[in-house]
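Novice: The following block contains the structure, expressed as structure tokens.
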Amino acid sequence: MPLIIAHRGASAYAPENTMAAFELAYRQGAGMIELDVQPTADGYLAVFHDDTTERWDGRPRPVTTCRLAELQALDIGGERVPILEEVLAFAATTGIALNIELKAVGIGRQCVHLVRQARLVDQVIVSSFVPVALREVQTADPVVRRAYLMGTRTYRPDVRLRELWPFLALRRFAVAAWHPSHELPLVDRIIPLVRKAGYQVNVWTVDAPQRMRQLAALGVQGIITNRPDLASATLA
Ligand code: G3P
Ligand code: CA
1 MPLIIAHRGA SAYAPENTMA AFELAYRQGA GMIELDVQPT ADGYLAVFHD DTTERWDGRP
61 RPVTTCRLAE LQALDIGGER VPILEEVLAF AATTGIALNI ELKAVGIGRQ CVHLVRQARL
121 VDQVIVSSFV PVALREVQTA DPVVRRAYLM GTRTYRPDVR LRELWPFLAL RRFAVAAWHP
181 SHELPLVDRI IPLVRKAGYQ VNVWTVDAPQ RMRQLAALGV QGIITNRPDL ASATLA
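Just so you know, full-length UniProt numbering puts 14 at position 14 of the sequence shown, and the rest follows in order with no gaps.
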């Protein structure tokens, strides 16, 4: 059965990227939590998805220009923005694995430092759409597992080409895993080839039971979902 990876926590039921969503994901049987990380203006690694705070306070302030206190003053559906250390502590206590997505460059070393300090290197994979961010992690500690993310929202021809034939990028960025959108063109044909080439494949973001079953049959190791409970029931 594929690993159930809770996308921003159990975010179909609890405010995304909050401790409430991570705790619920654990209770719903997820084996791993996916979370988004960005730097604050005062040097913390905040768990936050969007580029700006607009979705939560109506003000388009870039997250990286906010201090942690400003981010933690936001009302995230009744919850507050955590920092990476809190999620690492939760993972250390519960044993749940983490998929830490770096949304920015310049924080790879700090992320690795915190993961090592928490003694969680074996429990963590660091993912990113940004090759430079993955390179920073590799430079800081090549033992930390890394995953290259691919999506469907870019029209850059070079990135589009990588999506159709990801092998060159996977080798070039020296990652252990490929994290494609399940909606990438031809992805169902490419997944078995990437698996055969020895890469781990974790697919996002899959909330429909039928699609979960299809991807499991293709041999993916992980399914990233907003609904860990549904994935548990579907894939068990
Ligand atoms: O890990 C996959 C997924 O989280 C990437 O997209 O926008 O939800 O961070 P996004
Ligand atoms: Ca993410």
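Virtual Cβ for every residue (Gly too), placed ideally from N, Cα, C. Computed from a predicted structure; not experimentally measured.
Within 10 angstroms of its Cβ, does R55 collect 16 or more other Cβ (buried), or is it exposed?
Specialist: Its Cβ having fewer than 16 others within 10 Å, R55 is exposed.
Novice: Per DSSP, Q38 is paired with what?
Specialist: Its beta-bridge partners are A46.
Novice: Got a sec, what are the start and stop residues for the alpha helix (DSSP H) E101 sits in?
Specialist: From DSSP, E101 is part of no alpha helix (DSSP H) but of the beta strand (DSSP E) over 97 to 102.
Novice: Rounded to the nearest angstrom, what separates D75 and A46 at their Cα positions?
Specialist: So the alpha carbons of these two residues sit roughly 15 Å apart.
Novice: Let me confirm a value: Q210 is counted as buried when at least 16 other C-beta atoms fall within 10 Å, else exposed. Which label applies?
Specialist: That one is exposed.
Novice: At 4 residues or longer, what runs of the alpha helix (DSSP H) sit wholly inside the region 105 to 170?
Specialist: Entirely contained in the region 105 to 170, the alpha helix (DSSP H) runs reaching 4 residues are, in chain order, 108 to 117, 131 to 140, 157 to 164.
Novice: Residue range of the alpha helix (DSSP H) that T234 falls in?
Specialist: Note, T234: alpha helix (DSSP H), 228 to 235.
Novice: For D51, which option in D36, G43, G198 has the closest C-alpha, if you only look at C-alpha atoms?
Specialist: The shortest C-alpha separation from D51 is found at D36.
Novice: At what residues does the beta strand (DSSP E) containing T225 begin and finish?
Specialist: Segment 222 to 225, the beta strand (DSSP E) holding T225.
Novice: Please report the Cβ distance between I100 and C111, rounded to the nearest whole angstrom; I am assuming they are in contact, meaning their Cβ atoms lie under 8 Å.
Specialist: Rounded, the Cβ-Cβ distance is 6 Å, consistent with contact.
Novice: Assuming I5 and I190 form a contact by the criterion Cβ under 8 Å, report the distance between their Cβ atoms to the nearest whole angstrom.
Specialist: Going by Cβ atoms, the distance from I5 to I190 rounds to 19 Å, so no, they are not a contact pair.
Novice: Between T152 and the rest of its own chain, which residues show a CB-CB distance below 7 Å, the 5 nearest in sequence each way excluded?
Specialist: Here the set comprises S181, E183, L184.
Novice: For V145, which residues of its own chain have a beta-carbon under 6 Å away from its beta-carbon, when the five flanking residues on both sides are left out?
Specialist: Reading off the sequence shown, one finds Arg at residue 145, where the question assumed Val. So the qualifying residues of the chain are I125, A176.
Novice: Quick one: what's I191 bridged to in DSSP?
Specialist: None; I191 has no bridge partner.
Novice: Am I right that T94 and Y13 are in contact with their C-beta atoms under 8 Å? What's the rounded C-beta distance?
Specialist: So it is not a contact: roughly 18 Å between Cβ atoms.
Novice: Using only Cβ atoms and a threshold of 6 Å, which residues come within that distance of a heavy atom of ligand 2? Order them by chain position.
Specialist: Those residues are E34, D36, E101, given in chain order.
Novice: Would T65 pass as a contact of A41 if the rule is Cβ separation under 9 Å?
Specialist: Yes. Within cutoff.
Novice: Under 8 Å by Cβ, that's how I've got L235 and A217 pegged, so tell me the actual separation to the nearest angstrom.
Specialist: Not really, about 11 Å apart at Cβ, beyond 8 Å.
Novice: For Q19, does the three-state DSSP call read helix, strand or coil?
Specialist: Sequence inspection shows Met at residue 19; the Gln mentioned does not correspond to that position. In this structure, M19 counts as helix in the three-state DSSP scheme.
Novice: Do N202 and G219 have their beta-carbon atoms positioned less than 9 Å apart in this structure?
Specialist: No. Outside cutoff.
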